[in-house]
Structure formats: structure tokens, C-alpha cells
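Engineer: Quick one: structure below, then a few questions.
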Amino acid sequence: MNQPFIPITIKSCIEGTSCTAVFLESPSKAFTIFIGSPEGEALNRAVLKDPLPRPMTHDLVGSLLMGFGISIQKAIVNQIVEGAFCAILILERVGSDGLRNEVHVDCRPSDAFVLSALHQFPLFVSQEVLDEVMDVKVEDFIQEENLTDLPKFPGLDIDEEKE
């Protein structure tokens, strides 16, 4: 894992009937990853800090990790396999000897996004993935799809329309 990774941020999520478009932005390119509707709903709830009364799977995963003294350091969207985006979580635990132990766990980008929104760790993309994706800006998608009445995401640095 010595290759450089590029930081990304979630700019917006647009829920559709069968999937959710997650708009991501790196310093050089914006791109979209489509995730399932249930995952999109979980991401929107996490971003808007609107928890359900009972813990969901992402809440459970976070609680389990914290309970064992494991922190999520970052997530990396690291490859595209047969058209599907793949990611890894970088987990860390300090052992009783004081040494840091790092583990890489495969995951879906949607899970990484939700966990990042819940636990505030950074997201990255590999240069390989960035080279493969098209540059798609939220504004272009909104105009092309003729969308209106989009949700507001506090703290996601979404460019507001000029009035």
C-alpha cells in the first residue's frame, strides 16, 4: 500500500427509486458511485445525523469495533472489478505492548461512506480508480436529469445554487 491515495469528500447524495447516486470529489476530479437504495437511506441518515430508534448494521459495526478498542483510520476506494467499485477499511488497534497493529478489511464503498459519516474518518481513492472514472459534477447531473427540490446536507460543503 505504498501508492499515493487521493482524498475525496462526499458532495451530495441523490436518492432514486432503485439506487442512490453518491457524488464524490477529489482535488482533480468529481465522480459518481451508485449504491443501493437501503444503503443510500443509511448514508443520508448518517450524514443528516438522523438515527433510528434501534441500531442498524453500521451502528453495530461501529460499536463492535469501539468495544474491542479498534479504530477506523480511513477508507480507500481502491479498485473497480467488473464494473463494481471496491474499497478497504484501514483499521488500527494498539496492542498491550503499545505497538500499533493495522488491518485492511475489504468492504463496499457504500459501507465505508456510511461508517465515515458516523465516525468521521477520511475517505480516499486510488489513482487507478480516479483514472478510470468520468468527471461528473453534481451540477451537471442535476441539470441533465432536470432535478429539483434536492435535500440539503449540512457539513458536506455542497455548493448552493446562486439566487
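Under the working numbering, the residues of the sequence shown are numbered 80 to 242, in order. Beta carbons: idealized from backbone N, C-alpha and C, even for Gly. Keep in mind it's a predicted model, so treat the numbers as computed, not measured.
1) Pop quiz: S91 and V204 are said to be a contact at Cβ under 8 Å. What is the actual Cβ separation, rounded to whole angstroms?
2) Give me the residue from Q82, C98 and A125 with the minimum Cα distance to Q199.
3) Inspect the CB distances between the stretch 117 to 137 and the stretch 177 to 190 and report whether three or more fall short of 8 Å.
4) Expressed to the nearest angstrom, what Euclidean distance is found between the alpha-carbon atoms of I237 and P86?
5) Residue range of the beta strand (DSSP E) that G115 falls in?
6) G95 to F84, Cα distance in whole Å?
7) Go through its chain and collect everything with a Cβ distance to N180's Cβ below 6 Å, but skip five positions before and after it.
8) So, with DSSP's three-state summary, where would you put D190?
Structural biologist: Taking the definition as stated:
1) Position 12 of the sequence shown, counted from the first residue, corresponds to residue 91. Position 125 of the sequence shown, counted from the first residue, corresponds to residue 204. The pair is not a contact, with the Cβ atoms about 17 Å apart (cut-off 8 Å).
2) Indexing the sequence shown from 1 puts residue 199 at position 120. Considering only alpha carbons, the answer is A125.
3) yes
4) Position 158 of the sequence shown, counted from the first residue, corresponds to residue 237. Position 7 of the sequence shown, counted from the first residue, corresponds to residue 86. Any answer about I237 is weak, because its pLDDT of 39 lies below 50 and its placement is not dependable; what the coordinates show is given next. Near 16 Å, if we compare the C-alpha coordinates of P86 and I237.
5) Your numbering for residue 115 matches position 36 in the sequence shown. DSSP places G115 in the uninterrupted beta strand (DSSP E) bounded by A109 to G115.
6) Locating residue 95 in the sequence shown gives position 16, where the first residue counts as 1. Locating residue 84 in the sequence shown gives position 5, where the first residue counts as 1. Taking the straight line from one Cα to the other gives about 30 Å.
7) Position 101 of the sequence shown, counted from the start, is the residue given in the question as residue 180. Excluding positions up to five away in sequence, the list reads R172 and G174.
8) As a position in the sequence shown, residue 190 is number 111, starting the count at 1. Looking at D190 - three-state DSSP - the assignment turns out to be helix.
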